[in-house]
Structures are given as C-alpha cells and as structure tokens.
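Report on one structure; see the data block that follows.
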Amino acid sequence: MPTSTSRASMLNKFRRHPRVRIPTPIACELAWRDEQRWFGKSVHGPGVVYDLSLRGMRVSTEAPIKPGDHVSLLVRLPRQAAPAEIAVATVRWAKDQIYGLAFQRLSSTSHGRLRRYMTVFSKGIR
C-alpha cells in the first residue's frame with residue numbers, strides 16, 4: 201500500500217506546476233487586498249509556507265481569510281536577499297487554518313526567485 205508521501209509524489213508528477221515540499225517552513229506576510237485599494241500598509245497576518253509551486257502555495261495563518269479572498273504576500277526565501285513579492289493571490293481552499301493560494305500576479309523578478317528556490321530544493325524531493 202502506498203504511503204501518503206509516495207502518493208503525493210506520484211500525483212505531483214501529473215501537475216502542470218509541480219509542488220516543492222519545504223524542508224523548513226518559510227515565513228511569509230499576508231495583506232488583505234481590496235479590488236479598489238490596499239487597506240493601508242499594515243500586515244494583515246503572518247503565515248508559514250509548507251509547500252510551493254510556481255503558481256501557488258499551501259500556507260498556515262491565523263489571518264481571517266476565506267476562499268475567494270485576494271491577498272498579497274511577501275515570502276522570505278532562504279539564501280535570497282529580498283523576499284519574493286506576490287502582488288495578488290486568490291484563496292482557493294481552506295481547512296482549519298491551512299489555505300491553498302493560487303498566484304494571480306507576480307513580477308518576473310519574484311517568479312525568478314521562486315524558480316531558483318524550487319530548482320535547488322526539488323533535486324532531493326521525488
């Protein structure tokens with residue numbers, strides 16, 4: 201019988217944008233985004249990233265977000281001077297305080313930071 205890890209690994213092969221499981225949780229900051237304007241510059245809530253792809257992530261946070269909300273994120277990737285900034289991500293699903301986020305808009309610089317991080321850490325994950 202396959203373990204949940206091997207099952208997840210097998211399913212990952214069929215994803216358009218494979219996920220990388222984060223060996224050590226990464227801190228991020230979430231800000232709630234309104235369609236018209238930002239609600240100030242204050243951080244809406246800290247979070248912890250557990251897995252990541254070029255199109256989304258699984259994050260844990262106590263911020264009061266729900267499916268359909270739009271958020272922005274700063275993700276502090278190890279060994280990178282500046283955080284990756286995701287301008288807009290949509291909350292796709294929620295279970296307890298774990299959320300699936302789909303990236304809607306991020307700069308080419310942030311996309312490159314995510315890609316470099318994933319290239320380094322995906323080599324040991326199958």
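Residues 201 to 326, numbered by this note's numbering, are exactly what the sequence shown covers, in order. Ideal Cβ positions, reconstructed from N, Cα and C, are used throughout, including at glycine.
With 16 other Cβ atoms within 10 Å as the buried cut-off, status of residue i
i           : result
residue 310 : buried
residue 327 : Because the chain spans 201 through 326 in this model, residue 327 falls outside it and cannot be assessed.
residue 219 : buried
residue 247 : buried
residue 320 : exposed
residue 258 : buried
residue 308 : exposed
Cβ-Cβ separation, residue j to residue i (assumed contact under 8 Å), whole Å
i           : j           : result
residue 186 : residue 250 : Examination of residue 186 is not possible in this model, given that the chain is present from 201 through 326 alone.
residue 287 : residue 305 : 4 Å
residue 300 : residue 256 : 7 Å
residue 244 : residue 254 : So it is not a contact: roughly 24 Å between Cβ atoms.
residue 289 : residue 273 : 6 Å
residue 292 : residue 227 : Not really, about 21 Å apart at Cβ, beyond 8 Å.
Host beta strand (DSSP E) of residue i (start-end)
i           : result
residue 294 : 284-295
residue 268 : It is not in any beta strand (DSSP E) - residue 268 carries neither H nor E in the DSSP assignment.
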